[in-house]
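**Student:**
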Amino acid sequence: MNTKLYTAIIYLLLPLCSLAQTHFRVSENLRTRLPDTLRERIVGSFDHLLASIDCGEPDTMRIDSEDVELNRTFFRYLKGLERKDTIPKYYRPQLIGLYAVASDRYLLTLACVRDDEIGRILTFLARNDGHSIVFSCPLKYNTRHWKTTTVGTLTYHFQDTIDMDRAQNFDRKNHSMARTLGLPVRQWVVYMCANYQEVLRLQGCLYESMSNGKVNSGDIIDPNTLFSVMNDEDFSHDILHIYASKIRGKNRNRSAECGLAYYWGNAYYPGATGKAPELTELLPVLRRYLQSRPDARLLGLFEKDPDVLAPYGYPKPVQVARVISAVICREVERQKGADGIIELLRCGSGDENFFKCIKKLVGIDRDNFEEKVRRLILE
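Here our numbering is used: the first residue of the sequence shown is 1276, the next is one more, and so on.
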C-alpha cells in the first residue's frame, strides 16, 4: 500500500528532540497572538502526543475523535521518534507557526531544517474539545469548502466538477473486484487532486524535499481514503492491490497482481487522454507497435519492459510488461475463472513462480510465450 507521505513524516520525526524536555524546538522567530497559557498548553500536549507515539502507545486521548480512524492511522505512522541531537546530518525540527483558525482550532507548523536546507514542512490541526487539546490530520480542514457527492460505494470530494460516467465505472469495478474475489465490497472516500503536490498539501505536508516536483501520483490513507492521480475519478488500479492483499498475504507477485490491476482496473498513470487507460485502450496500442515492429519479441518486452508505447501517447510509467501480464490474467480468468485468478495471486513472489503458475493454469511458458501470448494479444 502506498504510504509515501507517511514515510516522509517518519524521516522528519526520527530526530525530533532538540531540547531535553521536548521533541521539537520552538523557533525563536515564532510569532503568535495566542495567550501564553494556551500556547504552552498546545505545545505541551503536542509534545506529549509525539512522546507517546515514540513509545509505541499513542495517547488516544490526544488524538481527535472526529474522523478517528483516519487520525489514528495518520499519527500511527509517526512512530520512530528518537533523540538524535548529536548526529549532525539530521534535520532539526522546530515549531515555526501556531495560530487560530477558529475559536477552538489551531494550526501548528513544523519545519525541519539543516543549516540553510529545508527538509520538510508539516502542519497539524489542534482542537480544544472542552477538556483537552486534541490533534488531527488537517485534511478535513483543508477541504472544508469543497463539494461532495456520493456515487454508490464512493464519496467524492472535489473543487469543481467530476466525470460522473467515470465515477460510476469505478463504482462498478469496486463491486466486481470484491465479489469476484469473495470479499466484502468496501466503501471509499475519494479526494480529487490535480497532482501529487496537492495530495501532500491536503494531508498537511507543505514541502517535502524528496518529493519536490513530483506530480504524477496519488495516495492512500488507511482504511479507506483515496487521493486521485492527476484528477482521475477512477482509482481502481490501487484498490485492486488492496483487495488482492487480503487474498495473497505478504508474498506479492508483481507480474500477477499488477497485470490484474491493469486488466480489472487501469494503468494508474494517465495516458493520451489524460486519464488512466484501461486494457481495452492499451491493447490496440500494443497491437500497433507489434505490427510496426515484426521483429519484436514479447518475452523480451515482458522481461525488460522498454518504453515502447511512448510514441503512441503512453510513455512510462505506463508499462508494456503489465499490459502483457494483463492479457495473461484475462486468459487465466477465461479458462479457470475466479479460482484461477486467486491461485495466480497466491503463486509467490518472483517471475519464476509466475511462470510456474501460468504454465499450470493456461499452459504458457517461456518456450511457447511468443506464440501463445501473441495470439491472445491479436485476437
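We put the CB at the ideal spot given by N, CA and C, even for glycine.
How close, in whole Å, do the beta carbons of I1338 and F1410 come, if the pair is a contact with beta carbons under 8 Å?
**Tutor:** Sequence index remark: in the sequence shown, residue 1338 carries index 63 (1-based). Sequence index remark: in the sequence shown, residue 1410 carries index 135 (1-based). The pair is a contact, with the Cβ atoms about 6 Å apart (cut-off 8 Å).
**Student:** Using 7 Å as the limit for Cβ to Cβ distance, is L1313 near chain E?
**Tutor:** No chain E appears in this structure, which consists of one protein chain only.
**Student:** Using only the alpha-carbon positions, how far apart do R1649 and Q1462 sit?
**Tutor:** Taking the sequence shown and counting its residues from 1, the one referred to as residue 1649 is at position 374. Taking the sequence shown and counting its residues from 1, the one referred to as residue 1462 is at position 187. Approximately 38 Å between the Cα atoms of the pair.
**Student:** Going by DSSP, which residues form a beta bridge with K1422?
**Tutor:** In the sequence shown, the residue the question calls residue 1422 occupies position 147. In the DSSP output, where bridge partners are listed per residue, K1422 has F1433.
**Student:** So T1430 packs on V1464, CB below 8 Å; how close in whole Å?
**Tutor:** Position 155 of the sequence shown holds residue 1430. Position 189 of the sequence shown holds residue 1464. Confirmed, about 5 Å.
**Student:** What is the DSSP secondary structure of G1615, counted as helix, strand or coil?
**Tutor:** Taking the sequence shown and counting its residues from 1, the one referred to as residue 1615 is at position 340. The answer is helix: DSSP assigns G1615 an H, G or I state.
**Student:** Tell me whether T1500 is buried or exposed, calling it buried when 16 or more other Cβ atoms sit within 10 Å of its Cβ.
**Tutor:** The residue you call residue 1500 lines up with position 225 of the sequence shown. That one is buried.
**Student:** So the candidates are T1307, V1593, G1612, V1460; which of them puts its Cα closest to the Cα of E1556?
**Tutor:** Mapped onto the sequence shown, residue 1556 falls at position 281. It is V1593.
**Student:** For Y1544, which residues of its own chain have a beta-carbon under 7 Å away from its beta-carbon, when the five flanking residues on both sides are left out?
**Tutor:** In the sequence shown, counting from the first residue as 1, residue 1544 sits at position 269. Correct list, in chain order: N1491, V1504, A1551, P1592, V1593.
**Student:** Would you mind working out which of R1523, L1535, D1497, R1306 sits nearest S1511, comparing C-alpha positions?
**Tutor:** Working through the sequence shown from its first residue, we reach residue 1511 at position 236. Closest by alpha carbon: L1535.
**Student:** Quick check on the burial criterion: 16 or more other C-beta atoms within 10 angstroms. Buried or exposed for L1653?
**Tutor:** What you label residue 1653 is simply residue 378 of the sequence shown in a count that begins at 1. The residue in question, L1653, is exposed, as its Cβ has fewer than 16 Cβ neighbours within 10 Å.
**Student:** Indicate the three-state DSSP secondary structure (helix, strand or coil) for F1445 in the structure shown.
**Tutor:** Position 170 of the sequence shown, counting from 1, holds the residue named residue 1445. It is helical.
**Student:** Confirm, please, whether the CB-CB distance from R1523 to R1402 is below 7 Å.
**Tutor:** Taking the sequence shown and counting its residues from 1, the one referred to as residue 1402 is at position 127. Taking the sequence shown and counting its residues from 1, the one referred to as residue 1523 is at position 248. No, these two residues do not count as a Cβ contact at 7 Å.
**Student:** What distance in whole Å lies between the Cβ atoms of V1318 and L1370, which are believed to be in contact at a cut-off of 8 Å?
**Tutor:** Here residue 1370 is taken as the residue at index 95 of the sequence shown, counted from 1. Here residue 1318 is taken as the residue at index 43 of the sequence shown, counted from 1. Right, the Cβ-Cβ distance comes to about 7 Å (below 8 Å), so this counts as a contact.
**Student:** Excluding five sequence neighbours on each side, which residues of the same chain lie with their C-beta closer than 6 Å to the C-beta of L1397?
**Tutor:** Taking the sequence shown and counting its residues from 1, the one referred to as residue 1397 is at position 122. Around L1397: L1385, G1479, C1480.
**Student:** On the criterion of 16 or more Cβ atoms from any shown chain inside 10 Å, does G1549 qualify as buried, or is it exposed?
**Tutor:** Sequence index remark: in the sequence shown, residue 1549 carries index 274 (1-based). G1549 comes out exposed.
**Student:** I need the boundaries of the alpha helix (DSSP H) containing T1312, first residue and last residue.
**Tutor:** Locating residue 1312 in the sequence shown gives position 37, where the first residue counts as 1. Element bounds for T1312: 1311-1329.
**Student:** Spatial neighbours of I1496 within its chain, please: C-beta separation below 7 Å, excluding the five flanking residues on both sides.
**Tutor:** Position 221 of the sequence shown, counted from the start, is the residue given in the question as residue 1496. L1345, T1348, F1349.
**Student:** Nearest CA to the CA of S1484: which residue from K1525, Q1472, R1419, G1405?
**Tutor:** For the purposes of this step, residue 1484 is taken as residue 209 along the sequence shown, with counting starting at 1. The shortest Cα separation from S1484 among K1525, Q1472, R1419, G1405 belongs to Q1472.
**Student:** Identify, in the order they occur along the chain, each residue of the same chain with its Cβ nearer than 6 Å to the Cβ of Q1610, setting aside the five sequence neighbours on each side.
**Tutor:** Looking up residue 1610 in the sequence shown gives position 335. V1637, listed in sequence order.
**Student:** Could you give the DSSP three-state label for S1302: helix, strand or coil?
**Tutor:** Within the sequence shown, numbered from 1, the residue matching residue 1302 stands at position 27. Of the three classes helix, strand and coil, the one that applies to S1302 here is coil, per DSSP.
**Student:** Is it right to say K1422 is buried, meaning 16 or more other beta carbons lie within 10 angstroms of its own, or is it exposed?
**Tutor:** Numbered from its first residue, the sequence shown carries residue 1422 at position 147. Burial call: exposed.
**Student:** Name the two residues that bound the continuous beta strand (DSSP E) containing L1481.
**Tutor:** Here residue 1481 refers to the residue found at position 206 of the sequence shown. From DSSP, the beta strand (DSSP E) with L1481 extends over 1480-1483.
**Student:** Where do the ends of the alpha helix (DSSP H) carrying Y1518 lie?
**Tutor:** Position 243 of the sequence shown, counted from the first residue, corresponds to residue 1518. Unbroken alpha helix (DSSP H) run through Y1518: 1511-1523.
**Student:** Here's the rule: buried if 16 or more other CB atoms are within 10 angstroms of the residue's CB, otherwise exposed. What is Y1374?
**Tutor:** Counted from its first residue, the sequence shown places residue 1374 at position 99. It counts as exposed.
**Student:** Can you tell me the Cα-Cα spacing of L1565 and A1585, whole angstroms?
**Tutor:** The residue labelled residue 1565 in the question sits at position 290 within the sequence shown. The residue labelled residue 1585 in the question sits at position 310 within the sequence shown. Taking the straight line from one Cα to the other gives about 14 Å.
**Student:** Taking just the CA atoms, how far does F1433 sit from D1570?
**Tutor:** Looking up residue 1570 in the sequence shown gives position 295. Looking up residue 1433 in the sequence shown gives position 158. Taking the straight line joining both Cα atoms gives about 47 Å.
**Student:** Please tell me whether V1595 and L1576 are closer than 7 Å, where the distance is taken between their beta carbons.
**Tutor:** Residue numbering aside, residue 1595 sits at position 320 when the sequence shown is read from its first letter. Residue numbering aside, residue 1576 sits at position 301 when the sequence shown is read from its first letter. For V1595 and L1576, yes; Cβs fall inside 7 Å.
**Student:** Can you give me the start and stop residues for the beta strand (DSSP E) that L1558 sits inside?
**Tutor:** The residue given as residue 1558 occupies position 283 in the sequence shown. Careful: L1558 lies outside any beta strand (DSSP E), inside the alpha helix (DSSP H) at 1554-1567.
**Student:** Near L1572, which residues of its chain fall below 8 Å by C-beta distance, leaving aside the five closest residues on each side in sequence?
**Tutor:** Your numbering for residue 1572 matches position 297 in the sequence shown. Going by the sequence as given, residue 1572 is Arg instead of Leu. Closer than 8 Å at Cβ, skipping near neighbours: E1645.
**Student:** Taking buried to mean at least 16 other C-beta atoms within 10 Å of its own C-beta, is G1217 buried or exposed?
**Tutor:** Here the chain comprises residues numbered 1276 to 1654, so residue 1217 is not present and cannot be evaluated.
**Student:** Please state the DSSP three-state secondary structure of S1411.
**Tutor:** As a position in the sequence shown, residue 1411 is number 136, starting the count at 1. Strand at S1411.
**Student:** For D1509, I'd like the list of residues in its chain whose CB is within less than 8 Å of its CB, leaving aside the five on either flank, ordered along the chain.
**Tutor:** In the sequence shown, the residue the question calls residue 1509 occupies position 234. So the list reads R1441, A1442, N1444, F1445, K1448, G1540, N1541, K1550, A1551, once near-sequence residues are dropped.
**Student:** With Y1416 and L1456 assumed to form a contact (beta carbons below 8 Å), what rounded beta-carbon distance in angstroms separates them?
**Tutor:** Mapped onto the sequence shown, residue 1416 falls at position 141. Mapped onto the sequence shown, residue 1456 falls at position 181. That belief does not hold up - the Cβ atoms of Y1416 and L1456 are roughly 36 Å apart, past 8 Å.
**Student:** Where A1377 and S1302 are concerned, what is the direct C-alpha to C-alpha distance, given to the nearest angstrom?
**Tutor:** Counting from 1 along the sequence shown, the entry for residue 1377 is found at position 102. Counting from 1 along the sequence shown, the entry for residue 1302 is found at position 27. Answer to the nearest angstrom: the Cα atoms are 23 Å apart.
**Student:** Expressed to the nearest angstrom, what Euclidean distance is found between the alpha-carbon atoms of R1300 and H1420?
**Tutor:** For this step, residue 1300 is matched to residue 25 along the sequence shown. For this step, residue 1420 is matched to residue 145 along the sequence shown. Their backbone Cα atoms lie some 33 Å apart in a straight line.
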